[in-house]
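Protein chains: 2
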Amino acid sequence: MADQYYPDAELDLDLRWWAAANYLTVAQIYLRDNALLREPLRAEHIKPRLLGHWGTSPGLSAIYAVLNRHIRRTDADWLYVTGPGHGGPALVAATYLEGTYSQIYPQVSADAAGIGRLCRQFSSPGGVPSHVSVQTPGSIHEGGELGYALAHAAGAAFDRPDLLVACVIGDGEAETGPLSASWKLPAFLNARRDGAVLPILHLNGAKIAGPTVLGRSTDTDVAAYLSGQGWAPVFVEGDDPRLVFRALWAAVDSAHESITAIQRAARAGTASADTPRWPAIVLRTPKGWTGPHTVDGVLVEGTHRAHQVPLSAVRTNPAHLAQLERWMRSYRPDQLFDENGTLAAELAALAPAGDKRMGSTPYANGGRLRRALPVPPLERYALDVPAPGTTFHETTRVLGEMLRDIYAEGTRSDGGGDFRLFCPDETASNRLGAVFETTDRCWQLPVTDHDDGLGPDGRVMEVLSEHLCQGWLEGYLLAGGHGVFASYEAFAMVSVSMLIQHAKWLQHARTLPWREPVSSLNVLLTSTCWRNDHNGFSHQGPGMIDAAIPLSPEVVRIWLPPDSNTLLSIADHCLRSTDHVNLIVVDKQPHLQYLTLEEADRHCAAGASVWRWAGTEDDGAGRPDEPDVVLAAAGDVPTEEILAAAELLRVWVPYLRVRVVNIVDLMALMPQDVHPHGFTVAGFAELFTEDTDVVFAFHGYSRAVHQLLHGRPNADRFHVRGFNEQGTTTTPFDMVVLNRMSRYDLVLEALRRARRVPQRGDELARYCRGQLERHRDHVVAHLEDMPEVREWTWGSTAPAEPTTR
Amino acid sequence: MADQYYPDAELDLDLRWWAAANYLTVAQIYLRDNALLREPLRAEHIKPRLLGHWGTSPGLSAIYAVLNRHIRRTDADWLYVTGPGHGGPALVAATYLEGTYSQIYPQVSADAAGIGRLCRQFSSPGGVPSHVSVQTPGSIHEGGELGYALAHAAGAAFDRPDLLVACVIGDGEAETGPLSASWKLPAFLNARRDGAVLPILHLNGAKIAGPTVLGRSTDTDVAAYLSGQGWAPVFVEGDDPRLVFRALWAAVDSAHESITAIQRAARAGTASADTPRWPAIVLRTPKGWTGPHTVDGVLVEGTHRAHQVPLSAVRTNPAHLAQLERWMRSYRPDQLFDENGTLAAELAALAPAGDKRMGSTPYANGGRLRRALPVPPLERYALDVPAPGTTFHETTRVLGEMLRDIYAEGTRSDGGGDFRLFCPDETASNRLGAVFETTDRCWQLPVTDHDDGLGPDGRVMEVLSEHLCQGWLEGYLLAGGHGVFASYEAFAMVSVSMLIQHAKWLQHARTLPWREPVSSLNVLLTSTCWRNDHNGFSHQGPGMIDAAIPLSPEVVRIWLPPDSNTLLSIADHCLRSTDHVNLIVVDKQPHLQYLTLEEADRHCAAGASVWRWAGTEDDGAGRPDEPDVVLAAAGDVPTEEILAAAELLRVWVPYLRVRVVNIVDLMALMPQDVHPHGFTVAGFAELFTEDTDVVFAFHGYSRAVHQLLHGRPNADRFHVRGFNEQGTTTTPFDMVVLNRMSRYDLVLEALRRARRVPQRGDELARYCRGQLERHRDHVVAHLEDMPEVREWTWGSTAPAEPTTR
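Chains as they are written, first to last, in the UniProt record's numbering: chain A, 1 to 805; chain B, 1 to 805.
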C-alpha cells in the first residue's frame, strides 16, 4: 500500500538525493579541499575553522526532498521558509542539487570544481554565511535571530492565492515569543484570496545545549497546543529514513488535499461559516540524523551534541578524522556524482522544472512579482492650508484617506491585492480609520452584529502584536507586496530587532544583482512621545530613531513631516521606493498645519529648508545671509514650539535676525560622506551658515542629533532640545516644559546664543521665565494647559504681545 | 450549597465592596469635584480631559474582591499582577479601599477630602498615571507596554515558596509574542522551592477597536491551548455578578487546593515524576461590566466601545451627563461611604490585615525582602596576569566561576536561593558553564540519561526566549532577588523594549521613598559583534548601547571591561548595586589579558585611566602631559587593536609621544552635568588633555561616541572607529578590517592626527597599507587570519619590527 503510494524505486532515488544533500552539507562544514573524497581524507583537507550547524540539516533536506516530489507530481508552487536557518548548508546543498545555485552563481558550477568552491566558500571570508541568508536562493528569511519564520511565511502567503508556503519551525525557535504568537494565524488567513501556510514543526528535541519544551512534550500536549489555535496537526515520527520519508510524504500529500479542499470551498463560496482548520505537520526526527551516532563513546545523534560540528578535533585527532571519512563515505559520494563531479543524471532529474524549483521561485525574490503601486494623485488628499500655522488638523488623517484609495483601487476580484496596512489594534486610534470605508479588519473567527469594520475579507491586519505586524509585513514585502506598519512610536521598539535584521537583509540584498528590489519597509511611528500625555511614561519613547541611525545609510531613512501635506509627500515617496527602511514619525493629534501640497513637495524634496515667512532675517538692515541665531526644528511638536518661539522673538525683539529652518529628512544632517542624503557642505551652510548658533528643537532624544552632526563645521554651535526621558500622564504643553523644549525654553536659549544681545531681550527673558513659573500652577489648578498656549497659532498675538503683560 | 460555600451575607458585602471599587474607578476617570456625588452632578465637576480605561476595570476589581476573601480565610500571601494595566483606576481604588493607599500617600486620606484628591490626581499633571504603575501600591508591573505580565509573575514566584501570584492576563495582551511564550512556565516552575502562579485569563472579548483571538475562540480551543502547555484550566463565565463571584470564588479556592496539593507533594518528596498541571482560570465577563449598557442607542457594554471612556461628551451633552450620574449612583455611594466620606466600617473590615493586603505585600516592594548578595572575595577568581597583553583567556570564564560560587553559597535547604542566571540556551556557549558544577538548568519536563546539567532543581534559567529571560529576571528582581541576564549581544535587542520599560520603572521608583531599592538589572552582552565572525551579520549588532544611552542617567550604566579581572571588578560592583540597569559588554572568546585584579579594581573605580605602560609619552624629551596623539579604547577587541597600534607606533616612531587611554565606564565620557558618572572637566582633561587629537577605538557604533562627547572641549578632535555595520561570516581580524578599526587603520589615523609629523611616519604608513592589502589575499587563501595578527601579544616584535619588512 505504502509502496504503491510511494514506490520503492522512487523512494530509493529520493533517498539518494537526500544522501547527496547530506554529503554536501557535511562537506561544506568540513572540507577546504578533496570535496568529493576522490582521495583518502587527510588533515590538510579540513578547514582551519569548523563553522556550521549539522544538527538540523538532515531534517531540512528530507523535507526539501519530499516537497520536491510533491512539486514534480502536482506542479504546485511551494516556498520553503527555513526557521532553523542555522542549517544553511542544507539549503545551499539542496538549491545546488536542483541547479538553481549554479545558475545564480555560475562560478559554483555543476562539477567537481563547483563543488570545491561550494565547500570552500561556506562560512569563509568572502564566501557565504553559515546560515540561510540573503545569498541563499529561495530564501526570504534570514536564519539568524529566531522567532519570525511563521510570521514571514504568513506574510508571503497573504494575497498569493496559488502559493503554498512550507514553514519549517525548529523546536528551539518554537520557544520564542514571536513564534508562539504566530500560531494564531488561522484567525487571519483568508482561504479565498490568500495562499496557504503549512507549518512543519520540526522537533528534534534539542537546542544548543539542552532539550526544548515542545521537544519534550507529549504528542497529546503538542496536538492540543496546535489544535487549540486552529490547526489540524499530523505527526510524523521516526529515525528510519524509509519510514519517515513515506510518512512525511503521506502527511504532505494529505495536507495538500486539505488545503485544496479548504481553498476550493472558500473560492467557490461553498465554505461553512466555521474557521477552517489548516493542516500542520509535527515532524520528530533525531538531531544530527545519519551523522555520528556516538563520538568518543558519548551519544551524539539525537542529542544537543549534534547541534553544530559533531566531530570537532578532526584536524588533530586521527580517530576523529577517520570517523569523519567513514561518515562521509556512508553517503556513497562516488554513486551520487559522476566522474566530473556532476550530480548523477537520475538525481538531477528529481529537480522540479524552472521556477517551480524552490530555489528559483519568484515568490522568494519578490521584486520579480512586485508591481508599482498605483498611488493616487496627492492633490485628492491635500489639506487646504490658507496660511501657515493658523489651522489645526489631525495630521495622520490624510494618510488614512490616501491608504483608503490605495486599497480601493488595488483590490482584485478575488478580494486580494498588493497593499496592506498592518497595525496593532490602533488603526482608528491612529486616525487612519478612513481605510475602513473601503475594507475591514481581517478576521476569520466569528463576527457579531456589534463589530465595526471587521470581516473575513478585510485587508487591514490588526493583531495586538508588533512582532506579527512587522513579521507579516516583512514577508509580504519580500514576496512582492507593498505595505505600511503603523505603530505607537514607543511600542515600535517591541519589534525593533526585526527592523534591524530586515535592514541588514536589504543592505546585503542590494549587493546581489539577482535579487530584484522589493518595496521598502515603511514604518509609521505615531502616537508619539510628545502626545502620549494621556497614556504616560511607558508610552513615551522615541528610541526607534536612535536604533535606526547606525544602520546602513544605503537603507535607512528617517522622516519627520511637520504637517499633513508634508506627510502626504513623504508617504508618496516612501510607497514608491524600494529596498529602504523608512521611518515616518508624525503624531495623530490636532497639530498646526503649515504648507500647501506644492510647498510641501518642495520642502520634502529638499529635505530641509528655511521657512522665510517665520524668520526675521530679511527685516531691517541686516545682511539676510547672516542671521543672529537660527531656530531649527525636526518633527511636528518641535516645529510648533520653535515657531511659537520665533513669534515671541519677532514681536518682542523684531530687530534680532532670526532664521527658521525646518528639517524633514533627518539624515540630511549627516555629512554627505556618511549618508547619501547628507547635505553638501555648501547646502548645509546655506541652511545653517558656517558659524551661527542654532537652537534646535528635536522630536527625539536630544543628543542623537549630535551624532548626526559630527563632522559638520562648528558642530558645537548646535544647541539641541528634545525628549529628555521626562514623562508622565499630563497635558501636552507640560510635556514640552518637562523636557525643556517649550517655546519659552527655546526663546531663553536663543537669547543666550544669539550673536547680538537684543534690546528688550532681558524683558523677554523675564516674560518667558514668568510663563514657565505660571505654567505649573495653572496646569495643576485647571488640569489643562494655559489658554494662550493651547490656542496659539502663528500670528496670534496673545502670548507674544509685550504690552499684555 | 453554593450558599454555604459563599454565604449570601458575605457575598452581599463583597459585592458592596466591589461597587465601591467601581464607583471610585468611574469617579477617578470623570470627576475633578463632587467626588462623592453629595450634590447633583454638573458639567463643571467633570475633568476637562477624560483619560482612563473603564473596560477592564470592573473585572480587575471583582478578582481583587474574591482574592481578598481568600486571604481573609486562608491568610495566604497573594501578589496581584495586573496584565491589563490600563485598568489603573481599579487597582488604585482597590488599594485605597483596603487602606494601603492612604498609608503610603497620607494626603489621599480615608475621607471625603482624600477621595477628592484621589479623583483629582488621577491622570492629571502632578498626579498619578492612568495605568497601573510604579506609584500603584502592590504593583511590580507597569501597565503600559503589553506582554510581560505572566513573565513578571513567574519571576516573582521563583524562590518564593510561600507566595501565590495571581496574574491577570487581558485577552489583548494574550495576542502578544512574549505573553504567548510565557504559557510555557510549567516546564520551569519548581513546586518545591518556588511559589505558584495562578494565571487568570480575563477574556472580555475586545481590545481597543475589535475582538481578540482568544476572546472569540471557543472554550474547547482555549482549554486545549492551555492544557497543551501544562495547565489545568477552569472556566468562569457570566455577567450576573452574584453568579460570577460565586463561580470565581470556587475556581480560586479549588485552584488554591490544587496548588497546595502539588506543593505539599513536592515538598514532602512524594510527588510523581509527572510535571504538575498547574491550575489556571479563564474568566469571561463583559467589557465595561456594570457600566452603560448602551450609549446613544449603541451597545457599549461587552464591546470594544467600553474600552476607554464610554460616555465621552458629558461636559457638553446633558443626556450623557445624566447617564453618567445614573451610572455612578447605581453603585449607591451614599451606602458605601459614611458622612465623612470614609468607607463603611463593614466594608473596610473586608481588607486583609497589614502586609497581607495585596497593596502592602512586601513581595511587591522587593527591596523589603532583598538581602545583600554574598559575593565571594574576587581574589578567588582573579586571573594571574604576569604582564599586560601577553596571555589569552576566555574573558567571561571567570564570571562563570564567580557565579558558580554565588549559587553554591546562596542555596537554601529547600533548593531555593536569592540569585539566578537567565540565559537563552547559551550559558555554556558564553563560557559561563562553571555554574553547572553547582547547579543545573531548571527543567520540570522529563530528563533523559543523555542530558547534561539538567534537572528539576536546577536554578539556571535557560529558555530560547530573550523575552522570558528578561521578564523572569525583572519579576525576580522586583520581588527581592538578584540576577544576571546573559545574552548574545545582538539578540539582547530582542527584548530591548523591556529593558527600556524597566529603566523607566526604576527612574520613577527612585523618586518614591516607600519603594525600597531593588537589585539592579544586570545584562551581560557577550558573543559580541566583533567575535560573531562564525555566525555572521545577523549576530553582529551592538545597538543595545545606542538604545541605552538616552535613558535616565540616574539608572543606566554601560561597562566595557577589556579583560577578565576588570570584568570581575565590574560584576562585583553591579551585583552589589541597586536600582540600576547595568550593561556589561564583553566577549567570550580568548582575548589578551592586561590587568591584575588590584589594577583592575583601580581602573574600574576610576572609570577610565591612562595605561602608561602602553604609551610613549614619558619617553624622550617631551612634556609628559602633552602627548602628540591619544589612542583610546573602550571594549575588549578595540583595546587589543589600539594596543597593537600603540606598539607599532612605539617600535617605528618611538619619539612620537603617544598616550593610551582605556575606558571601562562609558558614561564617564559624558559631561558631568549630563550623567553622574561623567568625568569632571579637569578629570577629562587629565585623560585626554584639552586639545590633543584622540584616535578612539570603540566597541559599538562609532558615532554613538559623539553624542556622549558633546559638550566636552574640542569634541571634534575625537576620531572614532567602531562597528560600522559591516559584517559577515569571516575571520576575527577581517571583522576589524571590514569596519576599519584594525590596528593598521588606527595607526594610519594616528599618523594623520598626531600633533607632529614623525620621522619614518611615511614608512610606517606604507607598511600599514601594505598589511591591509596583504590581509584580504591571505584570509581568502587560508581561511584564517595572518599569523602575525593572530598571535600578536604586547611586546611581540613580529608585526612591528621595521627591519622584518
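Using N, Cα and C, we set each Cβ at its ideal position, and we do this for glycine too.
Q. With a CB to CB cut of under 7 Å and the five nearest residues on each side skipped, what residues in its chain are close to A306 of chain A?
A. Only W54, G55, K287, G288, G291, V300 meet the Cβ criterion.
Q.
On a Cα-Cα basis, can you pick out the residue from B:R703, B:R420, B:T448, B:Y476 that is closest to E462 of chain B?
A. If we check each option's Cα against that of E462 of chain B, B:R420 comes out closest.
**Q.** Short Cβ contact (8 Å threshold) for V664 of chain B with W530 of chain B
**A.** Taking 8 Å as the Cβ cut-off, V664 of chain B and W530 of chain B do not qualify as a contacting pair.
Q) Buried or exposed: L512 of chain B, going by 16 or more other Cβ atoms within 10 Å of its Cβ? A) It counts as exposed.
Q: Can you say whether A697 of chain A is buried or exposed, counting buried as having 16 or more other CB atoms within 10 angstroms of its CB?
A: Residue environment analysis places A697 of chain A among the buried positions, since at least 16 neighbouring C-beta atoms fall within 10 angstroms of its C-beta.
Q: List the DSSP bridge partners of residue 812 of chain B.
A: This structure cannot speak to residue 812 of chain B, because chain B is shown only from 1 to 805.
Q: Please classify E257 of chain B: is it buried, with 16 or more other beta-carbons within 10 angstroms of its beta-carbon, or exposed?
A: With fewer than 16 other Cβ atoms within 10 Å, it is exposed.
Q) Under 8 Å between the Cβ atoms of D457 of chain A and D440 of chain A? A) Yes, they are a contact pair.
Q) Per DSSP, F537 of chain A is paired with what? A) According to DSSP, which records beta bridges pairwise, F537 of chain A is partnered with nothing at all.
Q. E466 of chain B by DSSP, collapsed to three states: which one?
A. In this structure, DSSP gives E466 of chain B a helical state, which the three-state scheme calls helix.
Q) In terms of alpha-carbon separation, which member of B:G389, B:S702, B:T528 lies closest to W794 of chain B? A) When each option's Cα is compared against that of W794 of chain B, the closest is B:G389.
Q: Thinking A608 of chain B and A704 of chain B are a contact (beta carbons under 8 Å), I'd like their distance in whole angstroms, please.
A: About 16 Å separates the beta carbon of A608 of chain B from that of A704 of chain B, a gap too long to meet the 8 Å contact definition.
Q) Do you know how far the Cα of W792 of chain B is from the Cα of T731 of chain B? A) If you draw a straight line from the Cα of T731 of chain B to the Cα of W792 of chain B, it comes to about 15 Å.
Q) Contact check, D734 of chain A vs P125 of chain B under 8 Å by CB: the rounded distance? A) About 5 Å separates the CB atoms of D734 of chain A and P125 of chain B; that is less than 8 Å, so the two are in contact.
Q | Any C-beta of chain A under 8 Å from that of G172 of chain B | A | It does; some Cβ of chain A falls within 8 Å.
Q | Other residues of its chain near R805 of chain A: CB distance less than 7 Å, five sequence neighbours each side excluded | A | Residue placement at R805 of chain A cannot be trusted, given a pLDDT of 38 that sits under 50; the coordinates are not used to answer.
Q) Do you know how far the Cα of A509 of chain A is from the Cα of G138 of chain B? A) Cα atoms of G138 of chain B and A509 of chain A: separation of roughly 50 Å, rounded to the nearest angstrom.
Q: Using 10 angstroms around the beta-carbon of P374 of chain A, count the other beta-carbons present and answer buried if the total reaches 16, otherwise exposed.
A: Its Cβ having fewer than 16 others within 10 Å, P374 of chain A is exposed.
Q: Confirm the yes/no value for this check: CB of T275 of chain B, any heavy atom of the ligand GTP, distance under 7 Å.
A: No copy of the ligand GTP appears in this structure; indeed no ligand is present at all.
Q. Are any of the Cβ atoms in chain A nearer than 8 Å to that of H152 of chain B?
A. Cβ-Cβ to chain A under 8 Å: no for H152 of chain B.
Q. DSSP on F688 of chain A, reduced to helix/strand/coil?
A. Helix, per DSSP.
(Q) Just to check my reading of the structure: S497 of chain B and N535 of chain A have Cβ atoms closer than 8 Å, yes? What is that Cβ distance to the nearest angstrom? (A) Contact doesn't hold; Cβ gap of about 15 Å is too wide.
Q: Tell me whether the beta-carbon of Q263 of chain B lies closer than 8 Å to the beta-carbon of A196 of chain B.
A: Yes, Cβ-Cβ distance for Q263 of chain B and A196 of chain B is below 8 Å.
(Q) Can you check whether the C-beta of L118 of chain A is within less than 8 Å of a C-beta belonging to chain B? (A) No, no contact with chain B.
(Q) By the 7 Å beta-carbon criterion, what residues does the segment 678–698 of chain B contribute toward chain A? (A) Taking a C-beta cut-off of 7 Å against chain A, none of the residues of the segment 678–698 of chain B qualify.
Q: Determine the contact status of L118 of chain A and L24 of chain A, defining contact as a CB-CB distance below 8 Å.
A: The beta carbons of L118 of chain A and L24 of chain A sit closer together than 8 Å.
Q. So, using beta-carbon positions, are residue 860 of chain A and F392 of chain A closer together than 8 Å?
A. Residue 860 of chain A lies beyond the stretch modelled for chain A, which goes from 1 to 805, so this question has no answer here.
Q: Along the alpha helix (DSSP H) that carries N565 of chain B, what are the first and last residues, could you check?
A: Where N565 of chain B is concerned, the enclosing alpha helix (DSSP H) stretches over 564–576.
Q. Would you call R743 of chain A buried or exposed, if buried means 16 or more other Cβ atoms sit within 10 Å of its Cβ?
A. R743 of chain A is buried by the Cβ-count criterion.
Q) How would you list, in chain order, the residues of chain B whose beta-carbon sits under 7 Å from the beta-carbon of M493 of chain A? A) By Cβ distance, chain B contributes V496, S497, I500.
Q: Could you check the C-alpha separation between L751 of chain B and V757 of chain B for me, to the nearest Å?
A: A direct Cα-Cα distance of roughly 7 Å separates L751 of chain B from V757 of chain B.
Q. D745 of chain B by DSSP, collapsed to three states: which one?
A. DSSP, reduced to helix, strand and coil, places D745 of chain B within a helical segment of the structure shown.
Q. Of the choices B:F235, B:H45, B:G417, whose alpha-carbon is the least far from that of D194 of chain B?
A. Per the Cα distances, B:G417.
**Q.** Best match in B:L738, B:Q672, B:V484 for proximity to G683 of chain B [C-alpha to C-alpha]
**A.** Of all alpha-carbon atoms in B:L738, B:Q672, B:V484, the one lying nearest the alpha-carbon of G683 of chain B is that of B:Q672.
Q. Are any of the Cβ atoms in chain A nearer than 8 Å to that of E791 of chain B?
A. Taking Cβ atoms only, chain A never reaches closer than 8 Å to E791 of chain B, which makes this a no.
**Q.** Contact list for S609 of chain A against chain B, beta-carbon separation under 8 Å
**A.** In chain order: nothing, as chain B lies at least about 25 Å away.
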